[in-house]
Amino acid sequence: MTDATTGGDAAFVEFDHVQKSYDGETLVVKDLNLSIAKGEFLTMLGPSGSGKTTCLMMLAGFETATHGEIRLAGREINNIPPHKRGIGMVFQNYALFPHMTVAENLAFPLEVRKLGKSEREQKVKRALDMVQMGAFGGRRPAQLSGGQQQRIALARALVFEPELVLMDEPLGALDKQLREHMQFEITRLAHELGITTVYVTHDQTEALTMSDNVAVFDDGRIQQLAPPAVLYEEPENSFVAQFIGENNTLEGVVQEIKGDIAVVKLDDGELIDCKPVNVSKAGERTRVSIRPERVETNKARLQPGAHTLKAEVLEFIYMGDIYRTRLRVAGNDDFVVKTRNAPDQKRMQPGEQIEIGWLPSDCRALDA
Amino acid sequence: MSDITQDGPMLAADGTPLKKSLARALRRQKIRALMLIAPLLIFVLVTFIAPIADMLFRSVENQIVRDTLPRTVVALKDWNPDGEEIPGEAVFQALNLDFQIAAEEKNHTKLGSRLNYESPGISSVFRSTGRGADKIGKDAEKTFTGIDPRWKDPAIWAGIFASPEAETALPRSARAYEAFAKSVRAEGKKEVAKAKLWPVVFSALLDDLTLAQPDAAAVAALPAPGPELVNAALAAGLQPIDAKQAFLEINDGWSKLDLWQTISAYSPPYTAGYFLNAADFEQTSHGIEARPPSERIYLKLFWRTLWMSMTITACCILLGYPVAWLLANLRASTANVLMILVLLPFWTSLLVRTSAWKVLLQQQGVINDLLVWMGLVSDGNRLVMINNQFGTIIAMTHILLPFMILPLYSVMKTVPPSYVRAAKSLGATPWTAFWRVYFPQSIPGIGAGSILCFILAIGYYITPELVGGTEGVFISRYIAYHISTSLNWGLAAALGTILLAAVLLLYYVYDKIVGIDNVKLG
Ligand SMILES: Nc1ncnc2c1ncn2[C@@H]1O[C@H](COP(=O)(O)OP(=O)(O)O)[C@@H](O)[C@H]1O
Ligand SMILES: [Mg+2]
Numbered sequence: 001m002t003d004a005t006t007g008g009d010a011a012f013v014e015f016d017h018v019q020k021s022y023d024g025e026t027l028v029v030k031d032l033n034l035s036i037a038k039g040e041f042l043t044m045l046g047p048s049g050s051g052k053t054t055c056l057m058m059l060a061g062f063e064t065a066t067h068g069e070i071r072l073a074g075r076e077i078n079n080i081p082p083h084k085r086g087i088g089m090v091f092q093n094y095a096l097f098p099h100m101t102v103a104e105n106l107a108f109p110l111e112v113r114k115l116g117k118s119e120r121e122q123k124v125k126r127a128l129d130m131v132q133m134g135a136f137g138g139r140r141p142a143q144l145s146g147g148q149q150q151r152i153a154l155a156r157a158l159v160f161e162p163e164l165v166l167m168d169e170p171l172g173a174l175d176k177q178l179r180e181h182m183q184f185e186i187t188r189l190a191h192e193l194g195i196t197t198v199y200v201t202h203d204q205t206e207a208l209t210m211s212d213n214v215a216v217f218d219d220g221r222i223q224q225l226a227p228p229a230v231l232y233e234e235p236e237n238s239f240v241a242q243f244i245g246e247n248n249t250l251e252g253v254v255q256e257i258k259g260d261i262a263v264v265k266l267d268d269g270e271l272i273d274c275k276p277v278n279v280s281k282a283g284e285r286t287r288v289s290i291r292p293e294r295v296e297t298n299k300a301r302l303q304p305g306a307h308t309l310k311a312e313v314l315e316f317i318y319m320g321d322i323y324r325t326r327l328r329v330a331g332n333d334d335f336v337v338k339t340r341n342a343p344d345q346k347r348m349q350p351g352e353q354i355e356i357g358w359l360p361s362d363c364r365a366l367d368a
Numbered sequence: 369m370s371d372i373t374q375d376g377p378m379l380a381a382d383g384t385p386l387k388k389s390l391a392r393a394l395r396r397q398k399i400r401a402l403m404l405i406a407p408l409l410i411f412v413l414v415t416f417i418a419p420i421a422d423m424l425f426r427s428v429e430n431q432i433v434r435d436t437l438p439r440t441v442v443a444l445k446d447w448n449p450d451g452e453e454i455p456g457e458a459v460f461q462a463l464n465l466d467f468q469i470a471a472e473e474k475n476h477t478k479l480g481s482r483l484n485y486e487s488p489g490i491s492s493v494f495r496s497t498g499r500g501a502d503k504i505g506k507d508a509e510k511t512f513t514g515i516d517p518r519w520k521d522p523a524i525w526a527g528i529f530a531s532p533e534a535e536t537a538l539p540r541s542a543r544a545y546e547a548f549a550k551s552v553r554a555e556g557k558k559e560v561a562k563a564k565l566w567p568v569v570f571s572a573l574l575d576d577l578t579l580a581q582p583d584a585a586a587v588a589a590l591p592a593p594g595p596e597l598v599n600a601a602l603a604a605g606l607q608p609i610d611a612k613q614a615f616l617e618i619n620d621g622w623s624k625l626d627l628w629q630t631i632s633a634y635s636p637p638y639t640a641g642y643f644l645n646a647a648d649f650e651q652t653s654h655g656i657e658a659r660p661p662s663e664r665i666y667l668k669l670f671w672r673t674l675w676m677s678m679t680i681t682a683c684c685i686l687l688g689y690p691v692a693w694l695l696a697n698l699r700a701s702t703a704n705v706l707m708i709l710v711l712l713p714f715w716t717s718l719l720v721r722t723s724a725w726k727v728l729l730q731q732q733g734v735i736n737d738l739l740v741w742m743g744l745v746s747d748g749n750r751l752v753m754i755n756n757q758f759g760t761i762i763a764m765t766h767i768l769l770p771f772m773i774l775p776l777y778s779v780m781k782t783v784p785p786s787y788v789r790a791a792k793s794l795g796a797t798p799w800t801a802f803w804r805v806y807f808p809q810s811i812p813g814i815g816a817g818s819i820l821c822f823i824l825a826i827g828y829y830i831t832p833e834l835v836g837g838t839e840g841v842f843i844s845r846y847i848a849y850h851i852s853t854s855l856n857w858g859l860a861a862a863l864g865t866i867l868l869a870a871v872l873l874l875y876y877v878y879d880k881i882v883g884i885d886n887v888k889l890g
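Protein chains in written order, with my numbering: chain U, 1 to 368; chain G, 369 to 890.
So, in structure tokens, the structure goes:
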């Protein structure tokens with residue numbers, strides 16, 4: 001099945017300068033460039049309306065790109081109708097055919113491929129067993145719970161052994177526990193079967209836990225494409241920093257840049273050391289981003305020479321494994337610090353005046 | 369004993385059984401709900417249930433014969449309708465009184481028309497007899513006034529028949545006089561004691577005095593001058609009326625066996641006759657028989673109504689399905705314009721639309737002109753497209769199309785586009801995706817639309833009447849004809865009832881095959 005030339009790390013799916021407009025006035029997808037390797041699990045993450053579904057639909061063939069090329073296994077597929085693309089798809093509402101039984105639903109893609117009856121039955125059975133739904137072949141979709149329907153939809157998208165599977169917010173309708181379980185199931189299956197997966201979600205936890213790579217979408221553009229850890233720890237712009245995980249922001253102006261340290265003068269006059277990411281010269285406005293768990297409240301642990309800031313404790317929340325403390329820092333009332341619940345950790349009282357600091361490498365000066 | 373209270377009914381706080389207080393609380397709610405729906409309920413009862421019940425009743429009701437000829441109906445019980453003989457004198461005597469009273473009340477023509485449905489010719493016999501029958505009474509009147517002129521005085525009759533004894537002494541006269549008195553009172557112009565007597569009372573009196581000896585004691589108990597007058601008449605040696613002879617003289621029709629068989633067959637208060645008639649059968653002396661082929665009209669029309677309605681429904685499906693699909697899948701703004709086009713026919717008069725089809729389809733009409741101009745049809749061979757079944761099907765399809773499109777649309781609107789997309793992503797060609805996935809989900813809409821169209825079509829009147837000619841009319845024409853022209857409401861009701869039954873039957877079959885739960889109107 002596999003085309004030898006596309007093996008290895010060569011791009012399996014490629015978006016090449018793709019644009020999309022529905023109404024001829026606004027671009028919903030603006031200059032999308034993306035390449036996905038074979039066997040990769042890529043997640044498109046972004047707020048609602050950022051164009052994720054549109055991208056997926058263009059890949060599946062239900063929408064046409066207004067400009068640019070989409071390639072699958074090296075072949076341009078812009079003009080191939082959806083039913084000839086051989087791409088498995090899982091829809092948010094599952095789209096299980098209500099007038100067919102589960103087994104008939106699964107047999108459908110095999111039937112249209114003109115497989116023999118015994119082969120069909122065998123594959124349907126294998127697919128049902130794969131999602132642990134072997135006993136449900138005779139039921140109608142309406143007789144299944146949401147999680148079960150989800151599994152069937154997954155099995156149906158996989159039963160004809162596609163090399164690429166697209167999923168558009170497939171877990172959106174499930175409750176938290178089921179969702180976490182299914183996240184695990186989906187990644188397990190994707191890796192076991194070695195299929196390439198493009199997964200769409202607006203849930204950052206889902207994206208971080210499941211993916212090899214995450215493409216963060218906003219406003220029709222990919223803001224950052226990176227593995228989850230990089231995305232979290234090294235966001236490249238303030239949208240990504242804000243969107244992924246919890247984040248503290250301080251605004252200011254770049255005072256000077258020397259090597260990999262940028263000195264930023266915050267709006268209240270304080271100076272801090274940062275890592276310059278998205279700033280290039282002195283005088284530029286910047287938004288400084290720092291993760292709550294990287295803020296140090298214990299002065300002894302700080303690097304010598306690091307700037308410290310005064311802070312006032314506003315709120316202290318005991319959360320079991322961690323303490324969550326809300327501070328007022330440089331005029332920002334929403335500065336959050338997370339500290340591990342350790343024996344030597346101090347519980348702060350509201351109203352207390354403390355000093356905080358951080359490693360300059362954990363403090364990223366991003367675009368304003 | 370102490371166990372009883374524990375096993376007894378659950379009690380509310382105030383000690384009444386819980387069930388009872390619950391029922392009381394619910395009753396108030398129910399009454400309020402009932403009052404809210406009362407206007408609609410009454411409206412539906414009055415305008416829908418009642419007319420249908422009335423129609424069902426009329427299709428079997430047959431009181432008119434025994435109401436108009438009560439004595440005759442009783443006397444006919446002893447007659448054998450399968451024999452060769454017309455009934456004997458006793459029946460004619462009863463008929464004499466019945467008929468004269470009916471003629472005075474002007475009911476005989478109604479009965480004549482009614483029986484004429486069953487056996488043509490009766491109506492004229494009744495009408496001519498109605499003109500001549502009072503001669504029998506007048507002859508009797510002469511006989512009595514010849515014996516004593518006081519018989520002519522309505523006041524004397526009023527005096528005699530005010531007495532309860534009159535019923536025993538002179539039963540037939542009492543009944544005839546009662547009918548007379550009632551009629552005069554109903555008219556309200558004159559006092560009963562002053563109005564001119566109907567001749568039939570003399571006929572009845574003569575029968576009372578000649579057919580059996582009147583009860584002497586009862587006669588003696590009549591108020592004066594009753595006993596004196598009656599006894600004088602008895603003493604005068606009266607001759608009984610030869611009623612049979614008299615009726616045969618008035619109209620020869622009464623000698624026909626067929627007429628008497630019809631009266632006898634339709635004397636019960638309920639009859640299957642209308643239904644037999646509506647199904648091209650008739651009730652003869654030999655039982656139920658099919659009418660001769662030349663007289664069979666209704667079955668053919670029922671059949672035609674059925675298959676044409678089905679054809680029209682099928683045409684509506686074929687034409688309406690793509691439109692409904694477009695409506696459900698176009699952008700909202702475009703779909704709205706299309707929807708207005710679909711609804712446009714509702715805003716135009718039915719008559720105008722039907723007439724427009726006449727203009728288009730007639731032999732000198734637009735379409736034929738166009739075909740001739742294009743050379744597809746020669747001028748001599750213009751197509752006949754109107755005043756036949758083709759015309760009816762075209763015009764009715766046009767009129768009923770919205771009733772197919774709207775339910776289809778509302779069902780298709782609920783089918784998410786992701787189903788077809790899913791099918792395509794699974795490898796189905798657009799056609800397979802439509803046929804295997806989309807179409808099955810639109811079937812409830814087809815079902816609802818078909819039921820609507822079919823039921824509307826089966827009872828349609830105006831359009832088939834205007835564009836159907838003779839070959840394209842429906843059974844509705846005969847229902848209308850019998851209601852407004854022949855006034856045979858019983859037959860119209862029977863035809864309507866059969867139509868109703870056919871619809872219910874089809875509905876039942878549909879439910880068995882497709883399942884009525886599978887019908888969605890939106
Ligand atoms: N069929 C369509 N016609 C017109 N506009 C659309 C259509 N589908 C999506 N859009 C618009 O495109 C933008 C991106 O939508 P979508 O790709 O669904 O975003 P996401 O999946 O990230 O929430 C939205 O502003 C949406 O309104
Ligand atoms: Mg979406």
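Using N, Cα and C, we set each Cβ at its ideal position, and we do this for glycine too.
- The straight-line gap separating the alpha-carbon atoms of U:GLU246 and U:PRO292 is approximately 7 Å.
- If you draw a straight line from the Cα of U:GLU121 to the Cα of U:VAL18, it comes to about 40 Å.
- Residue nearest to G:SER854 within the set G:GLY480, G:PHE842, G:PHE460 is G:GLY480 (criterion: CA-CA distance).
- When DSSP assignments are scanned along the segment 640 to 720 of chain G, the uninterrupted stretches of beta strand (DSSP E) that are 3 or more residues long and fall wholly within it turn out to be 649 to 652, 655 to 658.
- DSSP links G:TYR828 through a beta bridge to no other residue.
- Residue list for ligand 2: U:SER48, U:LYS52, U:THR53, U:ASP168, U:GLU169, U:VAL200 (CB closer than 7 Å to any heavy atom, chain order).
- In the DSSP assignment, G:PRO385 is bridged to G:LEU379.
- Scanning its chain for C-beta atoms nearer than 8 Å, with the 5 sequence neighbours on each side dropped, one finds around U:GLY138 the residues THR101, VAL102, ALA103, in chain order.
- Within a 10 Å sphere around the beta-carbon of G:ARG392 sit fewer than 16 other beta-carbons, which makes this residue exposed.
- One thing to note: G:LEU729 has its Cβ no nearer than 8 Å to the Cβ of G:LEU739.
- By alpha-carbon distance to U:ARG285, the top candidate from U:ALA229, U:VAL165, U:VAL254 is U:VAL254.
- With respect to chain U, the C-beta atom of G:TYR787 has a partner C-beta closer than 8 Å.
- A direct Cα-Cα distance of roughly 7 Å separates G:ARG482 from G:ASN856.
- U:SER35 has U:GLU14 as its beta-bridge partners, per DSSP.
- Under the Cβ distance rule, U:VAL112 counts among the residues neighbouring chain G, one pair being separated by less than 8 Å.
- Of all residues in the segment 700 to 719 of chain G, none comes within less than 8 Å of chain U when Cβ atoms are compared.
- In the structure shown, U:GLY283 falls within a coil segment according to DSSP collapsed to helix, strand and coil.
- Under the Cβ criterion of 8 Å, G:VAL779 is not counted among the residues facing chain U.
- According to the DSSP assignment, U:ARG126 belongs to the alpha helix (DSSP H) that extends over 117 to 130.
- Boundaries of the alpha helix (DSSP H) around G:MET764: 757 to 780.
- Residue environment analysis places G:GLY759 among the buried positions, since at least 16 neighbouring C-beta atoms fall within 10 angstroms of its C-beta.
- Separation of U:LYS299 and U:GLY357 (C-alpha to C-alpha, rounded to the nearest whole angstrom) is 7 Å.
- Under the three-state reduction of DSSP output, G:ILE524 falls in the helix class.
- The residue from U:VAL29, U:GLN224, U:VAL124 with its alpha-carbon nearest to that of U:THR66 is U:VAL29.
- A residue is called buried once 16 or more other Cβ atoms fall within 10 Å of its Cβ, and G:VAL805 is buried on that count.
- Excluding residues up to 5 positions away in sequence, LYS299, LEU302, GLU355, ILE356, GLY357 lie with their Cβ nearer than 8 Å to the Cβ of U:THR308 in the same chain.
- Residue pairing by DSSP places U:MET167 opposite U:VAL90, U:TYR199 in a beta bridge.
- Setting aside the 5 residues that flank it on each side, G:ARG434 is surrounded in the same chain by VAL441, SER635, PRO637, each with a C-beta closer than 7 Å to its C-beta; the list follows chain order.
- Here the alpha carbons of U:LEU32 and U:ILE222 stand approximately 7 Å from one another.
- Per DSSP, the continuous beta strand (DSSP E) segment holding U:LEU45 begins and ends at 41 to 45.
- Among the CB atoms of chain U, one or more fall inside 8 Å of the CB of G:THR797.
- Contact annotation for U:ASN93 against chain G: PRO784, SER786 [CB-CB distance below 8 Å, chain order].
- By the C-beta criterion, the segment 315 to 326 of chain U is judged not to be in contact with the segment 256 to 273 of chain U, since fewer than 3 inter-stretch pairs fall below 8 Å.
- U:ALA73: not part of any alpha helix (DSSP H); DSSP gives it neither H nor E.
- When only Cα atoms are considered, U:ILE257 and U:PRO276 end up about 8 Å apart.
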